[in-house]
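Please read the structure below before turning to the comments.
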Amino acid sequence: MGLATIYRQFPTKEALYEAVVHARLRALAGWGVDVKAGPDDLRDDMVGAIETLLRRAQSAGAVRDDVGMPEVLAPLGAACLAAERGRWDEETRDRALAVMFDGFRRPRS
Numbered sequence: 000m001g002l003a004t005i006y007r008q009f010p011t012k013e014a015l016y017e018a019v020v021h022a023r024l025r026a027l028a029g030w031g032v033d034v035k036a037g038p039d040d041l042r043d044d045m046v047g048a049i050e051t052l053l054r055r056a057q058s059a060g061a062v063r064d065d066v067g068m069p070e071v072l073a074p075l076g077a078a079c080l081a082a083e084r085g086r087w088d089e090e091t092r093d094r095a096l097a098v099m100f101d102g103f104r105r106p107r108s
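The sequence shown begins at 0 in numbering that gives the first Met the number 0 and counts up by one.
Put into structure tokens, the structure is as follows:
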């Protein structure tokens with residue numbers, strides 16, 4: 000996609016930013032997150048959604064039983080900070096997350 004195409008769709012940086020934010024908010028709402036909540040409520044909703052996913056993965060046998068929310072949130076938060084500060088490209092981000100998620104998997108017997 001060329002710059003001219005982007006500028007036709009989004010005449011200003013603000014318009015592009017607004018479109019991105021709206022798309023992200025729609026995605027979060029699709030996950031059941033109350034996007035109109037305050038920051039604390041939003042954080043609680045996100046943690047609740049992650050915990051639900053963790054429990055489902057554990058019930059399905061995909062994630063180790065000894066993994067709890069602290070073991071998920073600590074490396075996830077660290078990876079987010081590192082990706083932001085290091086300006087990771089998509090390939091680096093995908094590899095780093097794959098390594099992290101491998102550590103959550105239940106060992107094969």
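Note that the Cβ used here is the ideal one computed from N, Cα and C, for glycine as well.
Residues bridged to residue i (per DSSP)
i	result
Val62	Arg104
Neighbourhood of residue i by C-beta distance below 8 Å, restricted to the same chain and skipping five residues each side
i	result
Glu89	none
Val66	Leu53, Gln57, Phe103
Contact belief for residue i with residue j at Cβ below 8 Å, rounded distance in angstroms
i	j	result
Ala56	Val32	19 Å between Cβ atoms; not a contact.
Ala61	Arg104	7 Å
Val34	Leu27	5 Å
Ala82	Arg92	5 Å
Between the CA atoms of residue j and residue i - distance to the nearest angstrom
i	j	result
Ala73	Ala59	23 Å
Pro106	Asp64	11 Å
Tyr16	Leu80	21 Å
Trp30	Ala18	19 Å
Ser108	Met45	33 Å
Thr4	Arg23	21 Å
Asp101	Leu41	28 Å
Gln8	Arg84	29 Å
Beta-carbon proximity list for residue i, same chain, < 7 Å, skipping 5 on both sides
i	result
Leu75	none
Three-state class that DSSP yields for residue i in the structure shown
i	result
Lys12	helix
Gly1	coil
Val46	helix
Gly76	helix
Asp88	coil
Asp33	coil
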